[in-house]
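To keep things clear, I will list the structure first and then write my remarks on it.
Residue numbers (my numbering), protein chains in the order written: chain W, -2 to 335; chain V, -2 to 335; chain C, -2 to 335; chain B, -2 to 335.
Laid out in C-alpha cells, this is it:
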C-alpha cells in the first residue's frame, strides 16, 4: 500500500502517520519526491486495506497495490478450475452449454423445450422457480412446484439442472432439487445469501451485478469461496449503460479479464446481456471465440406465450442452428462441449 | 400500450396480433401510417405490460404509455406523504436530518457522536449493526450487540434511530430495536427483503441501487407499499459512473424527478454519493435547495480510527457548521427541520 | 410519430395539437385509451422529428417510430456495402485487417513495423500524423512529415494507408497522402469535419464516440453520406463505463446491432477498447466470430519507447500469432481476408 | 510517479527499468514490499507522464501522483479567477446568469426573449448561430446573419452575448460579433478548436463533454490556457448515463470538485443536463446553493415553435419566477449577480 501525502504536509503529520502504521504492525518507508512525499507501507496489505488511512490529516490518497481477493486469484491457484455440475464439467477446456426457458411454466412446456435443447447439444438445463421481477405485480414463479418439475424434466433428459435462489431461507429447499444454484445479478452483493450458499456443497452460477466491476464480481465469488464452497462459475450477463438499443451492454472483455486474474470459469449469457434474439447468435459465437467456458441461452418454444422475458428467447430451431456453429468454433479454439 | 409493426408486416401477422390482444381481454385500434402500422391497445395497461407481445412475429417494438408503479405514484396520491419516524416527521415540508457513524463501534463512540450531532440539530440517529462489505475479510458489524447500543444511545439523546437490515431473517430482530429500517443500495432489488419489510409497521429508508433508474427505485418502493407498509422514504446516494474522482455520481435531479411522479419523500446522502468529506457540505446545501426532504450525513469523531468508511465522514465540528448553513437554506425554501 | 397526452388534457389542448400537426402538413389520428389519449401522426416522419411537439401544453411524451437515419439504413440499401480502400475490400465478406503504430515516429520504425504486419497478413497500414492528445504537453504528431513517411512506407510494402484527420483545414492535405481518412472518437460529432470529409472521394473510418449510442454513430455516418461520400466504415472502439480495469468497455454487440439496421461495414479496435495488450488477442478472435468486417490493432516493435499509447500495442510476434488464429476463424465464419 | 512491479520480476528487469528512468533524467527509489517491489520516480512528473513505462517488461502498473494540469490548477493560482464578459464579472463571488433561446431564429423573437430575461435579472444573453445537430437534416443555424442579430439585440438590451463556435475556421468571424465564445460538449476535445480559441483574447464558456471526467474537462481548459487565453469559464451540462427519464445526468458535485482543484469559475446548465423544464428550477436553485458561479438557462417565448430544443426551454414568466428565488439564495451563499 502506498500513501501519498498532500503538498506542504508537516513533519508532525508525517510522524503521526508513520506512528499509526507502526501501531497497526506495519513498516513505513518514506520517499521524498520533488512535490510530494510518499510512504510505502510494508506488511500484509490485505489486513491493512480496510483501515481508514485516507482519513488521517495530511493524506492525499491511499493506493492499494494488491488485489483484494485471494482464494479467487490466479496467484492462489494457478491452473484453471474445473467445476463439476452433475456429470458435466465446466472450465479448463470444457464448455457448459446452459439452455432453457426463463421461468418454469409447466411440465409440458419445460419437457418440450428440454428435449429440443438436449438434442441440439445443450448439457445443462435452466429454468426459474423463484423469479426476481422488477414489478410486484408480475409472475413471481411457481416455487417448489416449479423445482419439482425441473428435477423431473432434468432427470428424464439426463441433464443436470440450474435454478435461481433469491433468499437465504430458500437455500435448503433449492438444494434438495437443483444440481447448481444460480445467484442473479440483483443478488450478486446479497452477502448473507452468498455466505449461506458458501456453506453448501453445490456449485454456484454467480451472475455479474448490473453495475459490478470485474473486481466486485471476484470479491463476491471470494465470499462464497471463503465460506467453504470452491465451486463457483462466473457469468457475464451485461451491465447497465447509456446504450438504449440493447437491454444491457455485454462486456465481452470480462472473459479474458477474469481469466487474467482468476482461475474460476466464466460463461456468457447473451440473452440477458442484449435482450434481443437477433443479436444472441452473433454474441454466442463471439463468447466461445473469446475463450468463455460456456454460453447461457434462453430458449422457449412459444416466446409470445411465455410468462417471463419471452421477447428475448430463441426458438428451439434457432438454438439448434446456433449450436452447430458453436461446435465448429469450439473445435477451432480447442474446447470440448462437456 | 402501443405496438409498432415492422415494415412489410403481413395481413396474417396483423390479424394474429389483434386476435392475441383480444384474447387477453383488450381492444386493438389500428392506425396505418405511411411506413408503419401501429396498434393502440386499449384496456388496463398494467395487466398487459408483462405480456411478451414483442415476441410475436411482425412486431418491431412495444411502447408502454403508463408508468408501471401505482401506489407510489402521484396519480394515486396527490399530496406529499409525510412519514413519521418516532416523533419526527419527514416529508411535506419537514426535513429529516439523519446523522451518525457508518458502523456502531462501541457505546462510548456512538454516545459521543450522538451528543454532538443532536446538539448541531440532527433529528434522527444512524449507525450500522449489520454491514454490507465488499470484502468478506472486512468488519461485518456488531450485530445484536450493536442494535442494543444504538437503542440506548438513541433513547439517551431522545433521537429515533435508523439502521440497516440486510437479510429477511434479521427483520424481526431489527424491528425490536430500531425506529426505521434502512435498505441499502445493494439490496434495493432484494425482493424477498422488500416483501418482508412490507409486512412490518416500521418506516423504511430505501436507498437507490447503484445503477437503478428513478423508475426502478419507485418500483422497489411499490413492492413495500403493495405488501402493506405505506411509510417509505427514498434516498438518493449516487450511482455508478465513469467519473473516477468521486465514489459515485450524485444524481441531484432525482429529487425533483421523484417528486414529479411520486408522493414519497426523498432525502439525499452526500456521504456515500461523493465519498469525499470536502464535497459533502456543498452537496448538502444543494440538496436542501433542490427540495430534498432531508440530508443523511456520516459523522465520526475520529474518522482515522473508524471501523468502516471513515474516510468519508465529517467531523462533529464540520457537521455543526454545515447544519447552521442548512437551517438558513431551509428557511429560504420554506422547510422546517422536524 | 405518436403523441401521448397527459391525463386530463382538455379538448382545447387536443384541438390545438391537431391543428398544429395539420399546419405542418400531417394527418392526426386520435385513439382514446382508458387513461390516456394518443395521437398518431401520419406523414413523412423524418420531416417532423425535429419539431418541438413535446413543448405543446397537454403533451406528455412524443415517441418517434422511425429511425432518424436514411442513407445509412438497411431499408435504403439492403445488401452489405463493400468499401474499397486502395485495392483492398472491406465489408460484404472481406475483412480489413488494419495494423500499425499509434503514431508515426520515424521512417525506420514505421518501415520495420509495416514489414512485419504485412508479413503477418495485415492488409491496411495505420499510423497517426496528427494526434488528439488529452494533454497539450504530449507529443502531437509529426504532421505533414509523418504523412510523407506513411505514404512512402505504404507504397514500399504495397499497403493502402489510413490516418486520422482532426481539423477541417487538414482535409485537403491528408487527402494528398492517405487512402482512407480516420475520424477519431473525439471527433465523431465534429459535424463540420464530417461535412468536409463528405465532400471528398476517399473512404472514411469513422470511430464510435466515447459515449455515442449505435444510433448516434449511424447519424454521424449519415452526415458523411448525405454530403455525397458513400464510403464509410464504422469502428467500434469501446465506450466509457464504470469498469476501471479496462480503458473502455468494448461493446461487442454493436457489430450485429449495426448490421441489423445498416448496410455499412463495421470493424473492431480492441487496442483502444481495452487498453490492455493481454486482452487484445481474445477480443480480436471474438470480433471475427461476431461478424465484424475487420480488426484494427496497434502494433509497435518497441512499445516502451513509443511516443504515444505504447502500453496498449502488441509486439509484431504477438500480432503474427494472432493473425494465424484469425485466419482460421475467418474460414469458419466464411470470410476472406481481402 | 510510482511504478509497481509484477510478483517475481527479475533483477534484470528491475535494472532495466531503473536504467530507463535514469536515461529519462529521473531518479529511481526502490522499495521492497512483502509481495511487490515498487519504484518511486523522482523528478518533474509532468514530463514523465506521457512515457510508456507501463509497456516495460515486469511492470504491473504505473500510478501517477500529480494532477496532469498546471495552469488550471489551484496550486498554480490559489485565488478564484474572475472572468470578465463585457462588463459582467463571472466567478469570485459574481454570478453569471446566462439566458436566451437555443438558436437565434429572428430579430423579433430574440428581441422579445432578451427584453424579458434582462428584466428578470439575466446578465448575459445566449443564442446559437451555428448549431451542432445530431441529424444532418435538422436546422443548422442562421450563421453570420444570426450573429448580427445577436450583436444588435445584445447591444439594445445592454447585455454581453455568448454564442457557440464549432469550427476553427469560424473563430475569426464569431470573434467579430460575440463577447464570449461557447465550446459545446461535442467539441470539448476538439483540440484544434481549443488551440485556435486559445489564441484569441475573448473569454470562453467551455462545456463538459458528454462523458468527460472532471479531470478531462480541466485538461481541455489547460489547452486554452496553455495557448495564451486565461479566461475560461467551465460549464457542467450533465453527462451520459443509464437513467432514461432525463436527457443527461447532472453531476452537481462537479461544482465543488472543480473548485477543490482549480481556480476557474464553473456554472451549471440545467437545461441540457435535464432536458425537462419541470426540473430546471429545482436544479438552478441547487446549483447556486452548491456554489456555482452562475446558471445557464434556455428561455423561449414560444417553445412549441422554436427551431431547436424547444421542449427544454422555460417560458419567460417561469424564468422570472426562478430568478426571484435565485436572488434570495445568492444572498444566503454570499454571492452577487454581476
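Cβ atoms here follow ideal geometry from the backbone N, Cα and C, with glycine treated the same way.
Counting along the chain, where does the beta strand (DSSP E) carrying residue i start and finish?
| i | result |
| --- | --- |
| residue 201 of chain C | 201 to 204 |
| residue 2 of chain C | -1 to 2 |
| residue 161 of chain V | 158 to 161 |
| residue 296 of chain B | That residue, residue 296 of chain B, is in no beta strand (DSSP E); it is neither H nor E in DSSP. |
| residue 265 of chain V | 263 to 265 |
Quick check on residue i: buried or exposed, where buried means 16 or more other Cβ atoms within 10 Å of its Cβ?
| i | result |
| --- | --- |
| residue 205 of chain W | buried |
| residue 44 of chain C | exposed |
| residue 127 of chain W | buried |
| residue 256 of chain V | buried |
| residue 32 of chain C | exposed |
| residue 268 of chain C | buried |
| residue 133 of chain C | buried |
| residue 273 of chain V | buried |
| residue 12 of chain W | exposed |
My output table needs one value for residue i: the three-state DSSP class, helix, strand or coil.
| i | result |
| --- | --- |
| residue 312 of chain W | coil |
| residue 154 of chain C | coil |
| residue 304 of chain C | coil |
| residue 42 of chain B | helix |
| residue 185 of chain C | coil |
| residue 60 of chain C | strand |
| residue 86 of chain W | strand |
| residue 9 of chain B | helix |
| residue 74 of chain V | coil |
| residue 18 of chain W | helix |
| residue 28 of chain V | strand |
| residue 207 of chain B | coil |
| residue 95 of chain V | strand |
| residue 80 of chain C | strand |
| residue 341 of chain W | The structure shown does not extend to residue 341 of chain W, since chain W spans only -2 to 335, so no value can be given for it. |
Flag this pair as yes or no: are the beta carbons of residue i and residue j separated by less than 9 Å?
| i | j | result |
| --- | --- | --- |
| residue 195 of chain C | residue 37 of chain V | no |
| residue 185 of chain C | residue 214 of chain C | yes |
| residue 236 of chain W | residue 246 of chain W | yes |
| residue 291 of chain W | residue 93 of chain W | yes |
| residue 282 of chain B | residue 286 of chain V | yes |
| residue 138 of chain C | residue 101 of chain C | yes |
| residue 121 of chain C | residue 83 of chain C | yes |
| residue -1 of chain C | residue 60 of chain C | yes |
| residue 129 of chain V | residue 161 of chain V | yes |
| residue 14 of chain V | residue 53 of chain V | yes |
| residue 313 of chain C | residue 113 of chain C | yes |
| residue 119 of chain V | residue 280 of chain V | no |
| residue 107 of chain B | residue 146 of chain B | yes |
| residue 334 of chain B | residue 311 of chain B | no |
| residue 259 of chain W | residue 70 of chain W | yes |
Where do the N-terminal and C-terminal ends of the alpha helix (DSSP H) with residue i fall, by residue?
| i | result |
| --- | --- |
| residue 188 of chain C | 188 to 195 |
| residue 171 of chain W | 168 to 174 |
| residue 330 of chain V | That residue, residue 330 of chain V, is in no alpha helix (DSSP H); it is neither H nor E in DSSP. |
Check the Cβ-Cβ distances between residue i and every residue of chain D, and say whether any is below 9 Å.
| i | result |
| --- | --- |
| residue 49 of chain V | Absent from the structure is chain D; the protein chains it does hold are W, V, C and B. |
- Which runs of the beta strand (DSSP E) fall wholly inside the region 107 to 147 of chain C and span at least 3 residues, in chain order? 121 to 123
- Task: At 4 residues or longer, and completely inside the region 218 to 258 of chain V: list those alpha helix (DSSP H) runs for me, N to C.
- Result: Counting only runs of 4+ residues, the alpha helix (DSSP H) found wholly inside the region 218 to 258 of chain V occupies 251 to 258, in chain order.
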